[in-house]
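Mapping of the sequence shown onto the numbering used here: residues 95 to 433, in sequence order.
Yeah, the Cβ is synthetic: ideal placement off N, Cα and C, and Gly gets one too.
A quick note: this is a predicted structure, and the numbers were derived from the prediction, not measured.
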Amino acid sequence: MIRSGLGALISNDRPGHWLLSVNLLLILLFLLTAPFLADYGGTVGKTIFMLIAVKIAVYILLSASYDLLVGYTAILSLAHTLFFSIGAYAVGFFLAFGEGSLLLYVIGIVAAILLAAAVSIIIGLIGLRIKGVFFIMLTYAIAVGALSIVVGFARYTGGLDGLALDHLLPQFLHHKTRLASGAEYRLFAYYFIVVSCILLFLFLLRLVNSPFGSVLKAIRENEFRAGSIGYNIKYYKVAAFVISGVLAAVAGVFYASWIKTAVPNTFLNFDIMLTILIIVMIGGKGTLYGAVIGTVIMVLLESRLNVCLEVLFNSDFPEAMQKLLTDPFSILGRYNEYL
Numbered sequence: 095m096i097r098s099g100l101g102a103l104i105s106n107d108r109p110g111h112w113l114l115s116v117n118l119l120l121i122l123l124f125l126l127t128a129p130f131l132a133d134y135g136g137t138v139g140k141t142i143f144m145l146i147a148v149k150i151a152v153y154i155l156l157s158a159s160y161d162l163l164v165g166y167t168a169i170l171s172l173a174h175t176l177f178f179s180i181g182a183y184a185v186g187f188f189l190a191f192g193e194g195s196l197l198l199y200v201i202g203i204v205a206a207i208l209l210a211a212a213v214s215i216i217i218g219l220i221g222l223r224i225k226g227v228f229f230i231m232l233t234y235a236i237a238v239g240a241l242s243i244v245v246g247f248a249r250y251t252g253g254l255d256g257l258a259l260d261h262l263l264p265q266f267l268h269h270k271t272r273l274a275s276g277a278e279y280r281l282f283a284y285y286f287i288v289v290s291c292i293l294l295f296l297f298l299l300r301l302v303n304s305p306f307g308s309v310l311k312a313i314r315e316n317e318f319r320a321g322s323i324g325y326n327i328k329y330y331k332v333a334a335f336v337i338s339g340v341l342a343a344v345a346g347v348f349y350a351s352w353i354k355t356a357v358p359n360t361f362l363n364f365d366i367m368l369t370i371l372i373i374v375m376i377g378g379k380g381t382l383y384g385a386v387i388g389t390v391i392m393v394l395l396e397s398r399l400n401v402c403l404e405v406l407f408n409s410d411f412p413e414a415m416q417k418l419l420t421d422p423f424s425i426l427g428r429y430n431e432y433l
């Protein structure tokens with residue numbers, strides 16, 4: 095009974111190896127208990143630990159939605175961060191009309207979904223005519239153009255400074271719960287975001303294991319043969335683009351709701367696009383479980399590197415070592431000039 099229920103939950107797409115199953119369960123356990131584990135992290139842990147957990151949950155959804163394009167439909171796009179930013183800015187824009195309004199927050203989410211769907215349809219239709227490297231460069235140009243628009247319309251977007259959502263978000267995203275240890279955390283906001291990301295990931299898992307997903311795989315393997323069988327290639331490609339874009343926009347809503355800001359450097363930076371691409375490559379294209387593993391690896395590596403650099407250039411760090419790394423006449427210093 096339990097086994098059949100679990101099989102239905104993960105769409106009978108069971109991990110192929112017991113080690114992968116263990117890792118996935120550990121990741122799930124970590125996400126569900128992170129607020130309570132944060133109490134053991136000291137001052138730094140309380141401020142960073144929760145952010146890392148939220149980032150893992152959001153990026154799992156973001157990279158899995160991208161894998162739907164790259165891994166299952168063989169469409170390589172460099173504009174995925176555009177949809178990520180649409181979610182963040184749409185919510186920020188509508189919340190500016192009413193501080194703390196739950197209705198405006200919901201309207202912002204709906205607007206983000208509709209706008210992401212519309213943009214996805216346009217890009218998807220263009221992708222039917224332009225293929226290969228030309229389509230890749232076009233999507234890159236679209237992402238760069240979106241960044242220029244955000245910076246240019248600073249009156250509405252905040253420009254490079256972005257939109258501050260700290261006092262605009264609904265009360266349930268601000269509310270803090272006191273734990274037994276005395277620490278206070280935004281538990282409701284945390285579980286709202288994490289559980290939503292998990293449910294949407296399960297939706298994607300169901301999708302790729304449905305007849306719709308089977309058609310996408312057929313298109314990936316041989317587009318001409320899939321078309322000759324009778325499948326409408328245009329419909330399935332555009333539909334995949336829309337689903338991918340909408341889920342990326344929802345991920346943007348969640349992340350902006352947690353960090354309480356919408357800035358280009360966090361949502362439209364090309365480094366984020368590269369991170370998503372690397373996550374999919376690490377985990378393996380065409381496997382949503384791989385997106386989970388790749389996300390955890392990348393986020394933890396990135397977080398650990400930031401902590402190391404912070405310690406490295408702290409004033410308490412040995413001056414000789416700082417000089418070795420920064421002096422332009424040292425070997426490491428010369429290498430650092432090219433970074």
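Ordered list of alpha helix (DSSP H) runs contained in the stretch 308-384, each at least 4 residues: 317-323, 327-353, 358-361 and 364-377
Through-space distance from L197 to S157, alpha-carbon basis: In this structure, the CA atom of S157 is about 29 Å from the CA atom of L197.
A210, enclosing alpha helix (DSSP H) - first and last residue: L196 to R223
Cβ neighbours of A212 in the same chain (closer than 6 Å, five flanking residues each side left out): No residues qualify anywhere along the chain.
W112 burial status per 10 Å Cβ neighbour count (16 or more: buried): exposed
Rounded distance between the beta-carbons of Y234 and L172, thought under 8 Å: 4 Å
L267 versus K354: straight-line alpha-carbon distance, rounded: Using only the alpha carbons, I get a separation of about 9 Å.
Buried or exposed by the 16-neighbour rule on C-beta atoms within 10 Å, applied to D161: buried
Contact between the stretch 372-386 and the stretch 197-208 (3+ Cβ pairs under 8 Å): no
Pairwise C-alpha distance: K379 and L281: L281 and K379 have their alpha carbons spaced roughly 34 Å apart.
Residue environment, S115, which counts as buried when at least 16 other CB atoms sit within 10 Å: exposed
Beta bridge counterpart(s) of T271 as assigned by DSSP: Y279
Boundaries of the alpha helix (DSSP H) in which Y250 is found, first to last residue: A248 to T251
Neighbour-count burial assignment, M392, 16 or more Cβ in a 10 Å radius: buried
Nearest candidate by alpha-carbon position, reference P109, set S397, I387 and L395: Of S397, I387 and L395, the residue nearest in Cα terms is I387.
Nearest-angstrom Cα separation, counted from F297 out to G218: 21 Å
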